[in-house]
Ligand SMILES: Nc1ncnc2c1ncn2[C@@H]1O[C@H](COP(=O)(O)OP(=O)(O)OP(=O)(O)O)[C@@H](O)[C@H]1O
Ligand SMILES: [Mg+2]
């Protein structure tokens with residue numbers, strides 16, 4: 274079978290970084306090719322090369338056997354190559370239909386934008402992917418999953434031969450992920466060549482026909498999924514085998530740091546109560562939508578609870594803003610780190626030290642050397658891959674930006690840190706580094722709340738696990754009762770074995 278798209282010898286450098294060199298990639302009609310590699314391996318960069326956003330320094334692109342160049346994203350789209358990027362740019366103030374058709378809207382005989390065709394076309398595209406979204410809704414009013422569906426509908430509005438999905442499921446819930454898989458199936462059945470980027474191996478094995486692996490901007494290998502094992506792929510990706518062993522946790526949790534009682538919100542959660550101890554890692558498991566993030570956002574002063582009490586080290590505290598939360602020693606690293614995370618345009622080290630400026634300034638003067646030292650120690654521990662710490666954070670790969678956000682909050686030396694899906698979007702090798710650092714900080718007395726939907730992570734890292742369902746705590750498991758079955762049953766609302 275001939276590939277639709279064939280890339281050979283692609284090189285792309287940025288100042289100080291060789292993002293790609295000698296890279297090859299083949300995409301076949303009616304097949305899903307998974308592109309895997311560590312954070313910063315060059316996955317999003319190759320996507321930008323093949324969609325005309327970046328021009329390669331070297332190399333060739335062939336489409337259906339003919340050499341092509343894509344001088345712009347529009348040129349790539351016209352040739353039928355379309356992508357849903359890791360950070361898709363959509364416009365909050367436009368409607369769903371306008372976002373879908375921006376730049377290529379159907380026009381009337383008079384050359385004006387055909388409102389009816391635009392609306393009906395948008396409705397048809399959304400319907401074809403099973404998304405129940407009003408084409409006239411303002412995009413800014415939609416949740417993250419719906420925004421994603423709009424991005425997909427936009428990609429489909431262009432008659433695509435090649436569809437690229439760069440970590441499409443990272444921000445989606447269980448149900449939405451399944452809808453996305455079905456969508457990929459449909460695209461495959463239509464004969465489209467699909468490039469699928471993901472850090473989740475279960476998903477890659479489920480969905481892909483082929484794989485291509487990059488490491489440090491270079492092509493390492495490609496083949497058929499059916500002939501690969503997870504171990505082989507990890508070995509190719511990281512250059513060594515990675516044992517998925519979680520750090521041993523030997524110390525005992527100490528005194529209570531955070532006590533929450535009768536904590537309720539008008540719509541999101543009710544009667545939440547728990548105690549978190551010094552040095553403890555408390556897992557929060559549940560299906561997406563169970564209300565875990567909403568509880569954490571209230572604790573961090575982003576939203577207001579309607580009743581309930583929060584005590585920090587036995588003192589009742591009312592947290593009305595994030596500033597008050599930080600002051601009380603509670604910090605929260607949100608799941609949606611793209612939107613609420615790194616400050617683009619600022620260098621990495623300043624991003625890390627931003628909320629800790631007190632610690633690195635003397636009489637109001639920032640001490641650059643100390644700022645660097647603080648940033649270095651935290652980012653190293655999280656396995657950050659960056660050319661230099663004075664590099665703009667916006668130029669880092671997606672996963673590396675996330676590490677900066679985690680480092681930033683850890684560097685404030687909080688009493689309590691709440692990590693929402695801490696390793697989402699982080700590659701398998703760096704995951705181990707993040708886990709080891711979490712365990713080490715806990716051993717030093719940090720109290721950690723970890724919201725995670727990944728069962729091995731929850732079980733591997735937590736001292737205890739609280740399970741939430743529909744805004745309430747439905748179970749708490751510890752010791753022998755910490756099993757995948759118990760978590761899943763409780764989260765799904767089934768009776769739990771005693
Ligand atoms: N515009 C840019 N300027 C400078 N460096 C860049 C730019 N874009 C990407 N890079 C660098 O190129 C390398 C590859 O980044 P890329 O975003 O392709 O990684 P990735 O494989 O998508 O990683 P992730 O899994 O974290 O999303 C990184 O070192 C990144 O910092
Ligand atoms: Mg990327």
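Numbering (the working numbering), first residue to last: 274 to 771. Positions of the beta carbon are idealized from the N, C-alpha and C atoms, including for glycine.
query, result
"Per the contact definition of three or more C-beta pairs closer than 8 Å, is the stretch 335-344 in contact with the stretch 304-312?", "no"
"At what residue ranges does the stretch 334-374 contain a whole run of the beta strand (DSSP E), taking only runs of 3 or more?", "339-341, 354-357"
"Do you know offhand how far residue 312's Cα is from residue 578's?", "37 Å"
"According to DSSP, residue 547 sits in a beta bridge with which residue or residues?", "533"
"Roughly how many angstroms separate the alpha carbons of residue 728 and residue 757, rounded to a whole number?", "7 Å"
"Checking contacts by CB at 7 Å: is residue 535 closer than that to chain C?", "Going by chain labels, chain C is absent from the structure shown, which holds only one protein chain."
"Measuring from each Cβ to the nearest heavy atom of ligand 2, keep the ones under 7 Å and list them in chain order.", "316, 317, 359, 439, 440, 470, 670, 671, 672"
"Who are the near neighbours of residue 377 in its chain, counting only those whose CB is closer than 8 Å to its CB and skipping five residues on each side?", "350, 430, 431"
"In the DSSP assignment, find the beta strand (DSSP E) that holds residue 491 and state where it starts and stops.", "491-497"
"Can at least three beta-carbon pairs, one atom from the stretch 668-676 and one from the stretch 529-537, be found at a separation below 8 Å?", "no"
"Cutting at 6 Å between CB atoms, please list the residues of its own chain near residue 550, excluding the five before and the five after it.", "526, 527, 529"
"Can you name the residues that DSSP bridges to residue 620?", "665"
"Considering residue 281, what are the terminal residues of the beta strand (DSSP E) in which it resides?", "278-287"
"How many angstroms separate the CA atom of residue 331 from the CA atom of residue 590?", "59 Å"
"Could you tell me how far apart the beta carbons of residue 585 and residue 715 are, in whole angstroms, since I believe they sit closer than 8 Å?", "At roughly 18 Å, the Cβ-Cβ gap does not stay under 8 Å, so residue 585 and residue 715 are not in contact."
"Does residue 460 come out as helix, strand or coil in the three-state DSSP assignment?", "helix"
"Flag this pair as yes or no: are the beta carbons of residue 681 and residue 657 separated by less than 7 Å?", "no"
"So if DSSP puts residue 580 in a beta bridge, which residue, or which two residues, is it bridged to?", "537"
"Measure the Cβ-Cβ separation of residue 560 and residue 763 and say whether it is below 7 Å.", "no"
"Tell me which residue opens and which closes the beta strand (DSSP E) that residue 561 is part of.", "Premise fails: residue 561 is in no beta strand (DSSP E) and is neither H nor E."
"At a threshold of 6 Å, does residue 292 count as lining ligand 1 (C-beta to nearest heavy atom)?", "yes"
"So what does DSSP say about residue 321, is it helix, strand or coil?", "helix"
"Please classify residue 736: is it buried, with 16 or more other beta-carbons within 10 angstroms of its beta-carbon, or exposed?", "buried"
"If you run the structure through DSSP and keep just helix, strand and coil, what is residue 295?", "strand"
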